[in-house]
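Under our numbering, the very last position in the sequence shown is 319; numbers go up by exactly one each time.
Even glycine gets a Cβ: it sits at the ideal position worked out from N, Cα and C.
Take a look at the structure set out below.
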Amino acid sequence: MGVDSTDLNHQNECLSWMNEGGCYVGKRFGNPILQINLVWKLLGYQKRIEQLCAMGHDYVRKILERKKMSNKDEVADSSNNKNYLSNLIKLTEEEGKWTDKEMMEEIQTMVATGSDTTAITLSFATIMLAMHQVVQEKLYKEMCDIFGNTDRDPTLDYLTRMDYLERVIKETMRLFPVGPLLLRQVQEDIKIRDIVIPQGSELFIPVHFIHRNPIHWPDPLKFDPDRFLPEEINKRPRYSFMPFSIPPRNCIGMSFAMTSMKVSLSNIIRNFRVISTQHKSVESIKLRINVVLGSVDGYGVTLKPRKK
Ligand code: HEM
């Protein structure tokens with residue numbers, strides 16, 4: 012968004028508000044009693060969620076105000092189309108295409124969807140690398156082949172050459188898709204064998220289970236990035252892997268997310284060896300759903316600087 016928010020009050024609290032809110036929504040997902048609005052209200056969840064939303068709203072408003080103040084020139088410069096937030100301000104204030112409320116909602120959606128998703132995936136990836144040293148060394152070798160002995164930053168050209176890293180990230184998202192359940196409303200009757208799912212039903216798409224289905228993923232709990240070699244991908248149905256959901260309503264941040272995860276993970280692997288984690292195996296990682304998937308026991312790993 013082009014705003015330095017590090018000195019804004021509540022930077023860290025904002026993350027814990029999102030976690031707390033996500034935790035209540037996750038509880039409601041899994042508990043039919045909590046889906047009764049009266050129970051939800053009587054137990055105080057409704058009120059707390061409203062408080063959390065108001066605090067998040069306030070935080071986003073501060074980001075917006077800062078952007079408007081510090082970047083007046085940039086906003087006025089119509090040739091600058093690159094900054095997301097500047098574009099939103101332009102659409103709302105200059106072109107009148109959006110209301111203030113719509114703009115705020117867009118920013119909130121981006122803050123909510125664009126932070127924990129990549130952070131959690133990267134955390135799972137480091138746990139996997141700690142558990143699978145052979146994979147990690149192969150990845151390090153790819154980094155050495157690309158960067159040699161230099162400290163250069165990863166350019167887009169370098170990133171496109173990180174094939175093995177891409178496979179590591181995809182295999183991580185197969186086992187730990189941050190969006191483990193997708194929700195859809197059925198638009199017309201769907202017949203699957205003898206069963207008809209009637210129009211208007213609400214449907215959960217269990218991405219987590221699809222990604223661990225042994226029909227498409229032999230030995231599903233084995234962490235094996237080579238499942239994503241082109242010849243292996245061709246053997247599977249297209250929708251056996253959908254960490255970013257599938258069109259028409261899929262993740263709009265997909266390319267950005269892959270790029271940012273490649274930058275982060277390549278920097279970690281070039282500079283550190285991930286030597287251990289408290290988790291012993293994929294099976295032993297206890298998972299929870301707070302809207303997004305996460306590890307119950309955290310993501311502890313030990314990093315050791317690599318000798319240069
Ligand atoms: C590992 C990273 C990420 C994963 C696995 C992921 C996954 C997903 C999934 C599964 C959905 C679709 C939900 C559905 O179909 O109901 C989604 C939607 C969305 N994602 Fe991501 N996401 C990631 C990162 C990001 C980032 C970095 C951004 C923004 C910068 C972002 C922005 C969005 C937005 C705005 C939507 C809502 C799109 C809509 O409702 O039309 N995501 N994401």
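How far does the alpha helix (DSSP H) with residue i in it reach, from first residue to last?
i: P241; result: P241 to I244
i: E117; result: D111 to G125
i: K315; result: Unbroken run through K315 is the beta strand (DSSP E), V312 to P316; no alpha helix (DSSP H).
i: L176; result: D174 to L186
Consider the C-beta atom of residue i and the heavy atoms of the ligand HEM; say whether any pair is separated by less than 7 Å.
i: M139; result: no
i: L298; result: no
i: R260; result: yes
i: A65; result: no
i: P254; result: yes
i: V189; result: yes
i: F283; result: no
i: M12; result: no
i: A136; result: no
To the nearest whole angstrom, what separates the beta carbons of residue i and residue j, a pair I think is in contact under 8 Å?
i: S277; j: M139; result: S277 to M139, Cβ: 15 Å. No contact.
i: M29; j: D174; result: Not a contact, Cβ separation roughly 33 Å.
i: L304; j: F187; result: 6 Å
How about residue i and residue j: do their beta carbons lie closer than 8 Å?
i: E182; j: L232; result: no
i: M272; j: L167; result: no
i: A268; j: T129; result: yes
i: E213; j: Q198; result: no
i: T313; j: L170; result: no
i: R281; j: K315; result: no
i: N301; j: G55; result: no
Between which two residues does the beta strand (DSSP E) holding residue i run?
i: L194; result: L193 to Q196
i: K202; result: I201 to I203
i: L215; result: The sequence given here has Phe at residue 215, not Leu. Its beta strand (DSSP E) spans residues E213 to I216.
i: R322; result: Outside the shown range of the chain (12 to 319) lies residue 322, about which nothing can therefore be said.
Q) Below 8 Å, can you find three or more Cβ-Cβ pairs linking the stretch 117-124 to the stretch 280-291? A) no
Q. Do the stretch 56-64 and the stretch 92-110 make contact, defined as three or more Cβ pairs closer than 8 Å?
A. no
Q) Can at least three beta-carbon pairs, one atom from the stretch 97-114 and one from the stretch 39-54, be found at a separation below 8 Å? A) no
(Q) For the pair the stretch 230-245 and the stretch 172-191, tell me if three or more CB-CB distances fall below 8 Å. (A) yes
Q: Could you say if the stretch 46-53 and the stretch 68-82 meet the contact criterion of at least three C-beta pairs nearer than 8 Å?
A: no
Q. Between the stretch 241-258 and the stretch 215-223, do three or more beta carbon pairs fall short of 8 Å?
A. yes
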